[in-house]
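Asks: Just so we're aligned, residue 162 is where the sequence shown starts under my numbering, counting upward by one.
This is the structure I want to talk about, given as structure tokens.
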Amino acid sequence: MGNHTFRATFNQPLLWKALNKTLYQMSVTRNLRQLDEKAKVARAVIYNYNGAPHPIHYHGHNADPECRDGNMGRQHPSWSCGGTSINPECGLCIGGSGVALVPNHFAWHSSMGLVVKVVEKKQYMQDTMQSVVALIRPTCDQWNAWMVKKGGPLFMGIDSGLRKARRGK
């Protein structure tokens with residue numbers, strides 16, 4: 162995805178970083194894409210070089226295929242399925258706010274690093290979702306306390322899923 166293998170770190174959740182204005186600290190290996198704040202609709206162009214149908218999931222959002230079988234334009238509504246589109250050969254119209262994952266066959270492809278995270282309407286989130294910060298903070302504090310108790314990170318460094326996890330003691 163963008164010539165970078167996705168890497169995740171459990172100690173730096175992207176939603177937390179988005180809400181606390183620290184996304185600028187993210188490495189390109191996190192495969193994070195920030196959309197234009199003023200955009201009402203975003204267009205994701207996804208090329209599927211394999212001729213077989215391939216599902217693409219846009220978690221937490223609805224996605225409408227713009228093109229199917231090489232024909233551009235709004236397609237039949239039944240082709241949209243709550244964030245999952247089958248074989249979008251040209252692109253998707255997507256919309257919403259938040260941090261969303263865009264994988265396909267999540268467990269399989271994410272373990273190979275084939276994931277993109279999309280941040281939409283970051284300023285809107287920061288302005289309107291401060292109650293979420295209050296809800297997330299205790300979980301982050303508990304996670305960090307548990308990590309200290311275990312003697313360090315459960316997973317060392319960042320992980321594409323290809324390496325075996327090294328468990329803390």
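Here a beta-carbon is modelled for each residue, glycine too, at the ideal position from N, C-alpha and C.
What do you get for Ala306, buried or exposed, if any count of 16 or more other CB atoms within 10 angstroms of its CB means buried?
Replies: Exposed, by the Cβ-count rule.
Asks: Measuring CA to CA, which of Arg194, Lys178, Gln195 is closest to Arg298?
Replies: That would be Lys178, whose Cα lies nearest to the Cα of Arg298.
Asks: Round the Cβ separation of Leu184 and Gln195 to the nearest angstrom and send it over; I've been treating them as touching at under 8 Å.
Replies: Confirmed, Cβ separation roughly 7 Å.
Asks: For Leu193, which beta-bridge partners are listed by DSSP?
Replies: Paired residues: Lys278.
Asks: For Ala200, does the three-state DSSP call read helix, strand or coil?
Replies: The answer is coil: DSSP assigns Ala200 none of H, G, I, E or B.
Asks: With H, G and I counted as helix, E and B as strand and the rest as coil, what does DSSP make of Met187?
Replies: If DSSP states are grouped into helix, strand and coil, Met187 belongs with coil.
Asks: For Gln284, does the three-state DSSP call read helix, strand or coil?
Replies: Here Gln284 sits in helix by DSSP.
Asks: What first and last residue would you give for the alpha helix (DSSP H) that runs through Gly308?
Replies: Here the sequence assigns Met to residue 308, which means Gly is not the residue at that position. Run containing Met308: 291-311, per the alpha helix (DSSP H) assignment.
Asks: How about Gly312: is its Cβ closer than 7 Å to a heavy atom in the ligand ADP?
Replies: The ligand ADP is not part of the structure shown, which contains no ligands of any sort.
Asks: Buried or exposed: which applies to Val277, given that a residue is buried once 16 or more other Cβ atoms fall within 10 Å of its Cβ?
Replies: The residue is buried, with at least 16 neighbouring Cβ atoms inside 10 Å.
Asks: Throw me the rounded Cβ distance for the Ser198 and Gln284 pair, which I believe falls under 8 Å.
Replies: Looking at the sequence itself, residue 198 is Glu, so the reference to Ser does not match. That pair is a contact at about 5 Å.
Asks: Can you grab the Cα-Cα spacing for the pair Asn192 / Asn172, in whole Å?
Replies: The alpha-carbon atoms of Asn192 and Asn172 are separated by roughly 16 Å.
Asks: Mapping DSSP to helix, strand and coil, what is Thr245?
Replies: In this prediction, Thr245 scores a pLDDT of 46, lower than 50, which makes its location untrustworthy; the coordinate-derived value is nonetheless stated afterwards. DSSP places Thr245 in strand when its eight states are reduced to three.
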